Amino acid sequence: MEVFTSIPSLRFFLNQQRSNGKSIGLVPTMGALHQGHISLLDKANSENNISVCSIFVNPTQFNNPEDLAKYPRTLEADLDLLKAANCSVVFAPTAEEMYPESPVMTFNFGLLETVMEGASRPGHFNGVGIIVSKLFNIIQPDKAYFGQKDLQQVSVIKRLVTDLSFSLDLVICPTVREISGLAMSSRNQRLSEEEKATASHIYRILSFAKEKILGGGSIELARREAVDQFSAIPEFTMDYFEIVDLNTLLPLANLKPDGTNAICVAAFLGPVRLIDNVIF
Ligand code: AMP
799 MEVFTSIPSL
809 RFFLNQQRSN
819 GKSIGLVPTM
829 GALHQGHISL
839 LDKANSENNI
849 SVCSIFVNPT
859 QFNNPEDLAK
869 YPRTLEADLD
879 LLKAANCSVV
889 FAPTAEEMYP
899 ESPVMTFNFG
909 LLETVMEGAS
919 RPGHFNGVGI
929 IVSKLFNIIQ
939 PDKAYFGQKD
949 LQQVSVIKRL
959 VTDLSFSLDL
969 VICPTVREIS
979 GLAMSSRNQR
989 LSEEEKATAS
999 HIYRILSFAK
1009 EKILGGGSIE
1019 LARREAVDQF
1029 SAIPEFTMDY
1039 FEIVDLNTLL
1049 PLANLKPDGT
1059 NAICVAAFLG
1069 PVRLIDNVIF
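Note that the sequence shown covers residues 799 to 1078 in the numbering used here.
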């Protein structure tokens, strides 16, 4: 496994690989890796000659300085995990390497960023747009792997690739969960065992609402009952609970027959903000 911290040395290495006909799969991450990340890497390894995992806690996508400061950083353990998972290349730059100057360009993803994560975290998707564009330009992957766990991020990145004509395929991978149903997340490292047990109610309530709707219940009623269930657990502070059209991310009035319905939730457990979703 090769580990790079500088952009020119990574570019030099990947140019050589490309000229030898090797295909490149990119898995962008912010580190504190878990089996969710490794599932993306496994997929990248199975579809490309070279897998590149980037590890960079991207400051431009954090709108909350405390969230950035407390974000878990576990590089040594991450490298061990990646080596064991047969990762070919790790790119772990410093903030100075990625941002010699603060970017002046901004991204505006229109309606996509006015709802849910975009509404709750102003500037977040601008930061995502900047870092993902930089990684695509530096690494020039044939395929890039993202998790469905970050549903709105997937929509934003699809638009980024379309609008800027990036020459790559996006591969979207299913959410990996703990046995309890809790979606794996780097932020779970900030939770105690007891809090993790509480956090598993997120997926339980999402599944409850999904089953209600699939069973013919009204979307509005399912939403209200689910929100009530969250309210009954005092450890949670709900940010949003939305039942949306997967294509537009706008609230749904009625179930669509084509599997493009999604329920998205964000909730605070103490200071830790967790997100999850189901698609059906
Ligand atoms: P992050 O390090 O949280 O920025 O995540 C890096 C990539 O891993 C993103 O594409 C995430 O959507 C994906 N990811 C995070 N958690 C999971 C999970 N539990 N299952 C599948 N993919 C995930």
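The beta carbon of each residue, even a glycine, is placed where N, CA and C say it ideally should be.
Since the model is a prediction, treat every value here as computed from it, not as a measurement.
* May I have a chain-ordered list of the beta strand (DSSP E) segments no shorter than 3 residues that lie completely inside the stretch 879 to 908? => 887 to 889
Open item on the list: Any heavy atom of the ligand AMP inside 8 Å of the beta-carbon of L1062?
Closed with: The sequence shown places Cys at residue 1062, not Leu. Incorrect: C1062 has no Cβ contact closer than 8 Å to the ligand AMP.
Excluding five sequence neighbours on each side, which residues of the same chain lie with their C-beta closer than 6 Å to the C-beta of S984?
A830, P870
Open item on the list: Please classify Q987 as buried or exposed, where buried requires at least 16 neighbouring CB atoms within 10 angstroms.
Closed with: exposed
> With C-beta atoms as the reference, is F802 less than 9 Å away from A942?
Replying inline: no
- prompt: Would you say the beta carbon of M828 comes nearer than 8 Å to a heavy atom of the ligand AMP?
  reply: For the ligand AMP, at least one heavy atom lies less than 8 Å from the Cβ of M828.
key: Proximity test, N982 beta-carbon vs the ligand AMP heavy atom, cut-off 8 Å   = For the record, residue 982 in the displayed sequence is Met; it is not Asn. M982 Cβ: within cutoff of the ligand AMP.
Could you check if M903 is buried or exposed, using at least 16 other CB atoms within 10 Å of its CB as the buried criterion? M903 is exposed by the Cβ-count criterion.
Is there contact here, the stretch 900 to 917 with the stretch 872 to 879, by at least three beta-carbon pairs under 8 Å? Here the stretch 900 to 917 makes no contact with the stretch 872 to 879; the two share fewer than three CB pairs at distances below 8 Å.
Q. Given M1036, which residues of its chain have a CB within under 6 Å of its CB, disregarding the five upstream and five downstream residues?
A. F1028, A1065
**Prompt:** Could you give the residue range of the alpha helix (DSSP H) that holds G945?
**Reply:** It is not in any alpha helix (DSSP H) - G945 instead sits in the beta strand (DSSP E) that spans 941 to 945.
Is F934 helix, strand or coil by DSSP? helix
* Rounded straight-line distance, which links the Cα of L1012 to that of T827 -> 34 Å
For the stretch 1019 to 1049, which segments carrying the beta strand (DSSP E) assignment without a break, of at least 3 residues, lie completely within its bounds, in sequence order? 1034 to 1043
Following the continuous alpha helix (DSSP H) through F810, name the residue where it begins and the one where it ends.
805 to 817
Q) Whose CA, out of S990, A1060, F1034, lies closest to the CA of S1005? A) A1060
Just checking my contact of L966 with G927 at CB under 8 Å: how many whole Å lie between their CB atoms? Not confirmed; about 15 Å, so no contact.
How many Å lie between Q833 and L839 at the Cα? 9 Å
State buried or exposed for F810, treating a residue as buried only when at least 16 other CB atoms are found within 10 Å of its CB.
exposed
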